[in-house]
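K.L.:
Numbering (the numbering used here), first residue to last: 4 to 87.
We put the CB at the ideal spot given by N, CA and C, even for glycine.
Please read these numbers as outputs of a predicted model, since none were measured by experiment.
Could you have a look at this structure, given as C-alpha cells, before my questions?
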Amino acid sequence: MTQPLRVGQELEVEITGLALHGEGVAALGERELLVPGLFPGERARVRIEALARRRPLAHGRLRTLLEPSPDRREPPCMRNNRRD
Numbered sequence: 004m005t006q007p008l009r010v011g012q013e014l015e016v017e018i019t020g021l022a023l024h025g026e027g028v029a030a031l032g033e034r035e036l037l038v039p040g041l042f043p044g045e046r047a048r049v050r051i052e053a054l055a056r057r058r059p060l061a062h063g064r065l066r067t068l069l070e071p072s073p074d075r076r077e078p079p080c081m082r083n084n085r086r087d
C-alpha cells in the first residue's frame with residue numbers, strides 16, 4: 004500500500020497528459036496530479052501544494068525539471084516566462 008500524499012511533500016513524476024486548462028497531468032496511484040508549466044513526456048520534481056477533499060486530485064508546483072520534452076520552447080514574450 005502506498006503512503007498517503009501530504010501538502011509540502013516532494014515527488015518525482017512523469018507527465019502523461021494535459022488537463023483542460025493546460026496543466027501537466029501525472030498519475031499518483033488513484034489520484035491525478037496537476038502541475039502548471041509541464042508537458043507530456045517530461046519528468047520533474049514537484050511539490051504538492053493542495054489536495055482535493057472530494058475528488059482524487061492534487062495540485063503541485065514545479066521544483067526542478069529533470070527531463071524536458073523535445074517539444075519545449077522558450078516563450079516569445081518575457082511575461083509568459085513567470086513562475087509565481
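What is the C-beta distance between residue 31 and residue 49, in whole angstroms, given that I count them as a contact (C-beta under 8 Å)?
P.N.:
Not quite, the Cβ-Cβ distance comes to about 10 Å (not below 8 Å), so this is no contact.
K.L.:
Compute the beta-carbon to beta-carbon distance between residue 77 and residue 46, rounded to the nearest angstrom, for a pair I have assumed lies under 8 Å.
P.N.:
The pair is not a contact, with the Cβ atoms about 20 Å apart (cut-off 8 Å).
K.L.:
With DSSP as the reference, please indicate the residues paired to residue 159 in a beta bridge.
P.N.:
Residue 159 is absent from the structure shown; the chain starts at 4 and stops at 87.
K.L.:
Per DSSP, which residues does residue 51 bridge with? Please list them.
P.N.:
63
K.L.:
Just the C-alpha distance for residue 72 and residue 6, rounded to the nearest angstrom, thanks.
P.N.:
29 Å
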